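Scroll down for the structure; my scribbles are underneath it.
In the UniProt record's numbering, the protein residues as written are 1 to 429.
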């Protein structure tokens, strides 16, 4: 019996998706609910599962093709099992920012072999494992690149991880003594990687970034104000509780303090957590302040958010930020964690940036706060004496349709007051 698997509704309000990778080929025999492809949407690369089992006789499109919901993907000579494409729910895996190489090969050819250690990878270097498997490995401190894969087409299964966990660790090799080491030839420094001139297709994630940022710059009148704040008291408070947070299994960075300061400023000035709906000629004020933050990963830049920051303690916010940052790098963020943000923090301090810059406002928001690395600088203290201080540069971009310059400075002043005196933050936020 011939069955046709059509492009399922991949959610998030999308009508189409790009086939980023095929996980099967013509001639494969699969079971119902086996993963067959990875489909790129606006946020994530999603694995879709087949509602049918049987032998694959045809792939209708090549990798890299944009397919509308309802269009055919796979033809089966199967057993007729399955509920149909419409009941299929995609499962999320992290998006890859690596451009897909152009190829004229037919889609039924085997993907090129990739060098591997333990685990299998797709032709673009992506580790094949479901999000639940990645999360289980992370919680058990298991490096998935060392786990032998037994699943279809090199997928790492939960059983693979459990078997790896149960197996004894390999014996450590005994280091050579100086007398045992053979003389070696002088090492020549490796030449820098050569970048070839030419055209490279945009990756699916880069396409989304380009479209979104272009739209934001063209439709929102951005203005950025810049200031700096002395944060020695904040540093002392963080250092006081940093070890306590570590013992509980998470990092206490400066981000939760800044997130709380943003939530406090938004409570005082609601325009900070709002947006302009130009079509309806309305201002939308959000009930909660959900603070987004950027996570830079090998698979692209993700911007999850902590919901209702004002109602949570600094330690609770710290735990959520640390958890989402870890899962973001592992590719285990959930779709609801990537939407619903009302104001954003972007941190160039993680890359040693300490200056001012002009961040771009995210969709559905009215402002974004850019921060750098804390630096020691000369300051005038409360006694009017020159001293060494710890200063943090702040860059606040805002939507000038909603926030006037005077209001923006009031917001900046409130942020400075909260960050310079954490006792005030604890009392007010």
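Even for Gly, the Cβ is constructed at its ideal location relative to N, Cα and C.
Model, not experiment: these values are computed from the prediction.
Shortest alpha-carbon distance to residue i belongs to which of the options?
i: residue 138; options: 325, 64, 361, 412; result: 325
i: residue 150; options: 160, 226, 136, 378; result: 160
i: residue 26; options: 397, 54, 33; result: 54
i: residue 250; options: 355, 316, 401; result: 316
i: residue 224; options: 401, 396, 36, 421; result: 396
i: residue 382; options: 318, 39, 142, 230; result: 230
i: residue 346; options: 339, 427, 291, 375; result: 291
i: residue 222; options: 402, 328, 30, 410; result: 402
i: residue 31; options: 17, 22, 46, 50; result: 50
i: residue 363; options: 351, 370, 341; result: 341
i: residue 66; options: 412, 385, 314, 207; result: 207
i: residue 352; options: 337, 336, 29, 375; result: 375
i: residue 411; options: 136, 226, 156, 165; result: 226
i: residue 420; options: 239, 280, 228, 359; result: 228
i: residue 418; options: 268, 280, 307, 287; result: 268
Taking the C-alpha atoms as reference points, what is the distance between residue i and residue j?
i: residue 247; j: residue 241; result: 10 Å
i: residue 361; j: residue 289; result: 16 Å
i: residue 24; j: residue 394; result: 49 Å
i: residue 380; j: residue 264; result: 27 Å
i: residue 219; j: residue 210; result: 14 Å
i: residue 60; j: residue 34; result: 18 Å
i: residue 278; j: residue 285; result: 14 Å
i: residue 273; j: residue 52; result: 46 Å
i: residue 405; j: residue 214; result: 24 Å
i: residue 309; j: residue 377; result: 31 Å
i: residue 72; j: residue 62; result: 12 Å
i: residue 205; j: residue 302; result: 10 Å
i: residue 143; j: residue 217; result: 40 Å
i: residue 370; j: residue 399; result: 15 Å
i: residue 18; j: residue 70; result: 13 Å
i: residue 355; j: residue 385; result: 25 Å
i: residue 311; j: residue 167; result: 44 Å
i: residue 80; j: residue 29; result: At residue 80 the pLDDT is 46, less than 50, meaning the model places this residue with poor confidence and gives no usable figure here.
i: residue 140; j: residue 314; result: 26 Å
i: residue 358; j: residue 348; result: 11 Å
i: residue 293; j: residue 429; result: 19 Å
i: residue 148; j: residue 373; result: 41 Å
i: residue 407; j: residue 266; result: 12 Å
i: residue 243; j: residue 323; result: 17 Å
i: residue 164; j: residue 136; result: 12 Å
Would residue i pass as a contact of residue j if the rule is Cβ separation under 9 Å?
i: residue 275; j: residue 365; result: yes
i: residue 48; j: residue 8; result: yes
i: residue 391; j: residue 368; result: no
i: residue 5; j: residue 39; result: no
i: residue 414; j: residue 261; result: yes
i: residue 64; j: residue 20; result: yes
i: residue 76; j: residue 162; result: no
i: residue 321; j: residue 256; result: yes
i: residue 305; j: residue 339; result: yes
i: residue 331; j: residue 134; result: yes
Are the C-beta atoms of residue i and some chain B residue less than 9 Å apart?
i: residue 15; result: Absent from the structure is chain B; it holds one protein chain and no more.
Use the C-beta contact count for residue i: other C-beta atoms within 10 angstroms, 16 or more gives buried, fewer gives exposed.
i: residue 245; result: buried
i: residue 388; result: exposed
i: residue 146; result: exposed
i: residue 254; result: buried
i: residue 1; result: exposed
i: residue 416; result: buried
i: residue 252; result: buried
i: residue 201; result: exposed
i: residue 282; result: exposed
i: residue 422; result: buried
i: residue 427; result: exposed
i: residue 46; result: buried
i: residue 198; result: exposed
i: residue 319; result: buried
i: residue 337; result: buried
Examine the ligand GTP and report whether any of its heavy atoms sits within less than 8 Å of the Cβ of residue i.
i: residue 72; result: The ligand GTP is absent from the structure shown, which contains no ligands of any kind.
Next on the checklist: Under 8 Å: do the stretch 291-311 and the stretch 228-237 share three or more Cβ pairs, one atom per stretch?
Outcome noted: no
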